[in-house]
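Chains as they are written, first to last, in my numbering: chain X, 603 to 1677; chain S, -8 to 340.
Beta carbons: idealized from backbone N, C-alpha and C, even for Gly.
Just so you know, these numbers come straight off a predicted model, no measurement behind them.
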């Protein structure tokens, strides 16, 4: 009995010593040696880069400031990390440079900005790749000042950088920048001529005019077009002969473009003080016969004339009213409306009298916009114009200028108004203050024309004129259709409770009417009923009337009940479902399905059940539809909604019915609804809709934060597959990964490079025998191999089919792992765990049993429970959980390995190693992996998990993993450490007893020995006396130790001490766990 | 194997369509003359996902479609049916005198260029959101539309939406409540996850794109147009371009105007709501009557400027002060250099 040494005491001590030693070493280094400054900057920059992309503007700026704190060297270091597209991922450096630039170019920090530019220019000159250089030049465009002019000038003749350099110089915009551009334009090579000319044009460089003119007839169309633009924008008189040529024979757009440039030129001429030139040019364009479809050129020219002449442009504008081009006239009037003064109004009025009716109407509308009341008299006279367009324009303008003062004038027009006038009058009356205008319209109603009657009723509806409900009710049976339609639309807004009998009458008289019209009448009926003072009685009249009627009137009243609601109405509808007439039944079911109050839910469920029994699928569908809607609209919490939906689940049999349930579940943000939806993901008939519903239920929305948890992530991963939108798939995947991270999962693969991974060196036993130096050498060679054959392409690990396994840097013991994988036809791979093969991956076409099995198991099962692979070329997801020796694997959410012991391939006589690296197995086929997430399971949790399994078999735990609750006896010698009971060899000499006594039982436990350890398990032992003799002791002993070489048979390990000798050869080597 | 080149395809597409000549209503619709068909004619430039929606907008007659991806073009021509011609170069579309309206449904880095070219060619414009990619481009579009008397419609409509996303009510009553001071003053408006900026809005580009071969159906150089020349990668184009500053501005660029236009409207910064509310056909009405459409270049530029301001603030990571009159940042040279961004030669405004 006896002692067992403290298993992990020694390593702990060593580790502590090591840490202390390292600390001393670090201090010594700092104190004694000087690390080269560049190296130190570089280390610091690497640290700062990890802060990108920044999570907030403030973070971005502070990270920029940190780079800046390293001075020029820091910025240069970042610049050196830029790389050509496709060569390496330099995103962090690009983020960092932008952040540094934002920091440096903040207002009022001129010195910082200059320092930054200096570093960027230095990097620009050193950079070898044009894409990198272009990026740096763009930084100069944003932050560069006078100091960047010379450096930029050098790039103007560079084939690829000339254009960005010219753009940057334009942004700098100093006279020196202009000179630099001019100099480059003089050079012989003309690679970037167009870009340079554009920049000079934008700078309005008059010095450049002569040179640019020499390019105006260039054979290169880019240079030619850019020259013309630049010349126009500069506005120098020397360019006019070139710009005034508007080519007649060219394409319409070229002609338009030329005219447009000529106008631009004229505008610049005016800005330079040559107003006469500008006027001459614009008027020549106005006079030119440009063709009927070139009115826009005249408009542009007229605009310019107005800009030059200011208010004096009026006569040109008035003259423009003679043009046949309505758009041109409109432009002239817009320009005129900006000129103030009553005399201008008077001139416009004068002109209106002379021009065509269309132009007159336009002027009248414009006078309304202008808002000068002095025009009102003229306008009022036009209300009776012989031209319809003039009359209509005048109605609007009179209302705008005269407000309520013109109510009487306008009212007089109702009598003879045609449709368009009535509509203009309606707009005018709706703009007036309520009381007076409404009264006038009602007064005019009896004598109004038919279109006017319809318009007045529209007004009554819009104004909710309940006092005039009588007019509208009468209008509903008017002989003219327009009046009838308007009345039907207005009714619901104007009716009162007392109109109910009349409305019922209307419905009864309208049997067979257009369903849309009937719908409006039913709306009105409901609006009236809902105003009944006693709410409980609001449906009484309608229900009573319905009971007296036969089809079709009965149905029309029945349908309206859904809009009235209440229990009396609901009971009436339920009674109609019992009606022997199938048509009545059907309408009643539809009506109830559209019920406004949740009270109908249980009725609908009953209907669905009964209809299901009698095979009326149509009723089942409607009832479920209404039920699901009511549940969705109810304000219940998600759990309650879910329970309600579950009630309908079994009633939905047909695909269409199930789809209703699926849509309903999608509206419920609860894990349970996801789990229910997940079942539909396996069925091709539902998976697309179910996937949509999953995404809707799981992802955050305006009102809800979104679901969380590993299960949710898992279901999302499955659902994402069925989306045909790549962007949505990506979002769903991202969100699922975020959820995993929230649950403690860490990415094993960062989506960008191979950090965290290494190459494979032989196998665990071989590695254990290697000397550290050999291992290092071999490891370097293996790392080299994986860099050649494993690549990261757009967030995916891609293997080219020629190298070796990719292994995690770290070892893992107990864990949960998610990994997405994809193979090609005849592909073969696997996931090694704890350095050992493997969870199998292969082509299901060749191996119908499918992937996921423990391929190398000889004793336990090696095949998966069932095939669950997606077709080759599609992504699959593994979930692998490894706790102790046991492994569980789900493939695409199907359980394929259920808590099976994974055997040790390398050393068949041993159990699987307790920890080791994870490897992605290579064969000679291309492979793809992504979204690799792991969660290490701490010992305590692992024990708990194992215990849960035991408990499922009916076992009860005796040890809780954290203390000795439930145990009595030697409390000093036995201590609890890291989930284990450990005997302290120094002080542990007594016995530890269970507090309870056991007679017949199965006792399971694990133990591990140190060399020569001697222990035992006493069963049926009394609390006092020798456990080995009063009870039974089952020997636990390192019987391989030299001191035990001469044991009696009943003393060997496993024997019932002194009673039954044990079979030998089953004890595992010292240091390994036994069960 | 005989491979049809892009150029050949387009030629075939052009030849195989019926050679119809339609006289634009603008030409016929002179004084006192009622044209036989009062329906304006249109061309859609950019016929990817959204462009295909534009093909079906009612109120006008489709005559031409244009795209730099021959696959998009082929699909669009199939949908459009006979009588519609396909083009690769939008300038050829603008050259057609029989087209009244051009729909610009390209990525945003093209919007200003095409809009201004269309105004010069005398076309009216129906432009997708965001209106322009920079503030400077927006200023020039507004100027060109006014100068050439064009009718411009920006394709955002949330102010008419029955239920303004996330608010649980339409914009009209909110405006009314704001106007009556029910919310107090000044108003603070938050556009965020709570008001419907949900996961759809997290468009993001990728930072490391290894160059790839350009697929034969795509004229990548033309697709880039004014944008900086960067190596091709499929994530830059088509379904995912919004994640790149060169072409757009993420979810902000995509949906920002939809959310900000109603806010402008509520604050009465832009034209008031017409009654009845506009339908797609109403734009044709505006074109026929030469009256400004309610969602036009003015309010479009205003809400696009908010989007573009926000983009600059995000890129610079600091608070910016903007003078809306001068349309310049106050005391911030670096920010001002983002107001205009250079266009690759030969493209320029």
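Under 9 Å between C-beta atoms of residue i and residue j
i	j	result
residue 1171 (chain X)	residue 1126 (chain X)	no
residue 239 (chain S)	residue 124 (chain S)	yes
residue 1207 (chain X)	residue 1229 (chain X)	yes
residue 140 (chain S)	residue 898 (chain X)	yes
residue 1746 (chain X)	residue 1225 (chain X)	Residue 1746 (chain X) lies beyond the stretch modelled for chain X, which goes from 603 to 1677, so this question has no answer here.
residue 1426 (chain X)	residue 1528 (chain X)	yes
residue 758 (chain X)	residue 798 (chain X)	yes
residue 1525 (chain X)	residue 1430 (chain X)	yes
residue 552 (chain X)	residue 1575 (chain X)	Since the first and last residues shown for chain X are 603 and 1677, residue 552 (chain X) lies out of range.
Three-state class that DSSP yields for residue i in the structure shown
i	result
residue 1439 (chain X)	strand
residue -1 (chain S)	Legend: pLDDT at residue -1 (chain S) = 42, less than 50; position of this residue unreliable, no value from coordinates given.
residue 90 (chain S)	coil
residue 632 (chain X)	Because the pLDDT of residue 632 (chain X) is 35, which lies under 50, any placement of that residue in the model is unreliable, and the question is left without a value.
residue 626 (chain X)	Reliability fails at residue 626 (chain X), whose pLDDT of 31 lies under 50, so the model's placement of it is uncertain and no value is given.
residue 1456 (chain X)	strand
residue 1502 (chain X)	strand
residue 1359 (chain X)	strand
residue 1667 (chain X)	coil
residue 1621 (chain X)	strand
residue 641 (chain X)	helix
residue 214 (chain S)	helix
residue 732 (chain X)	helix
residue 1571 (chain X)	strand
residue 1579 (chain X)	strand
residue 78 (chain S)	strand
Neighbouring residues, chain S, relative to residue i (Cβ below 8 Å)
i	result
residue 923 (chain X)	Near residue 923 (chain X) there are no residues of chain S at all, since even the closest Cβ is about 12 Å away, more than 8 Å.
residue 691 (chain X)	198 and 199
residue 662 (chain X)	308
residue 827 (chain X)	337
residue 998 (chain X)	The contacting residues do not exist; residue 998 (chain X) stays about 12 Å from chain S at best.
Neighbouring residues, chain S, relative to residue i (Cβ below 9 Å)
i	result
residue 704 (chain X)	306, 307, 308, 309 and 325
residue 1395 (chain X)	201
Within chain X, the residues that residue i reaches when beta carbons sit closer than 7 Å
i	result
residue 139 (chain S)	898, 901 and 902
residue 110 (chain S)	898
Chain-ordered neighbours of residue i on chain S, where CB pairs are closer than 7 Å
i	result
residue 708 (chain X)	309
residue 932 (chain X)	140 and 281
residue 716 (chain X)	Within chain S, no residue comes near residue 716 (chain X); the closest Cβ sits about 13 Å away, beyond 7 Å.
residue 862 (chain X)	111
Problem set entry | Secondary structure, beta strand (DSSP E): runs of 3+ residues fully inside the segment 1365 to 1436 of chain X | Counting only runs of 3 or more, we get 1392 to 1395, 1398 to 1401, 1408 to 1414, 1417 to 1425 and 1430 to 1435.
Exercise. Which ranges would you report for the alpha helix (DSSP H) in the segment 915 to 989 of chain X if only whole runs of at least 4 residues count?
Worked result: Every unbroken stretch of the alpha helix (DSSP H) spanning 4 or more residues and falling wholly within the segment 915 to 989 of chain X is given here in chain order: 916 to 922, 928 to 939, 944 to 956, 959 to 972 and 978 to 984.
Exercise. Quick one: complete alpha helix (DSSP H) runs, 4+ long, within the segment 827 to 878 of chain X?
Worked result: Segments of the alpha helix (DSSP H) lying fully in the segment 827 to 878 of chain X: 842 to 845 and 854 to 873.
Exercise. So does the segment 677 to 684 of chain X actually touch the segment 710 to 727 of chain X, counting three or more Cβ pairs closer than 8 Å?
Worked result: Put simply, the segment 677 to 684 of chain X touches the segment 710 to 727 of chain X. At least three CB pairs are less than 8 Å apart.
Exercise. Can at least three beta-carbon pairs, one atom from the segment 106 to 117 of chain S and one from the segment 215 to 228 of chain S, be found at a separation below 8 Å?
Worked result: Here the segment 106 to 117 of chain S makes no contact with the segment 215 to 228 of chain S; the two share fewer than three CB pairs at distances below 8 Å.
Exercise. Just checking, does the segment 1480 to 1490 of chain X make contact with the segment 1554 to 1570 of chain X on the three C-beta pairs under 8 Å criterion?
Worked result: No, the segment 1480 to 1490 of chain X is not in contact with the segment 1554 to 1570 of chain X.
Exercise. Which parts of the segment 1466 to 1535 of chain X are runs of the beta strand (DSSP E), unbroken and 3 residues or longer, counting only runs that do not cross its ends?
Worked result: DSSP runs (the beta strand (DSSP E)) wholly in the segment 1466 to 1535 of chain X: 1478 to 1485, 1488 to 1493, 1496 to 1503 and 1518 to 1522.
For this session: Could you say if the segment 1231 to 1245 of chain X and the segment 1279 to 1291 of chain X meet the contact criterion of at least three C-beta pairs nearer than 8 Å?
Result: Judged by Cβ distances under 8 Å, the segment 1231 to 1245 of chain X makes no contact with the segment 1279 to 1291 of chain X, as fewer than three pairs qualify.
Problem set entry | the segment 1402 to 1412 of chain X contacting the segment 1490 to 1502 of chain X, beta-carbon criterion three pairs below 8 Å | Contact fails: fewer than three Cβ-Cβ distances are below 8 Å.
Exercise. Counting only runs that start and end within the segment 754 to 827 of chain X, where is the alpha helix (DSSP H) found for 4 or more residues in a row?
Worked result: Runs of the alpha helix (DSSP H) inside the segment 754 to 827 of chain X: 764 to 774, 777 to 788, 795 to 804 and 811 to 815.
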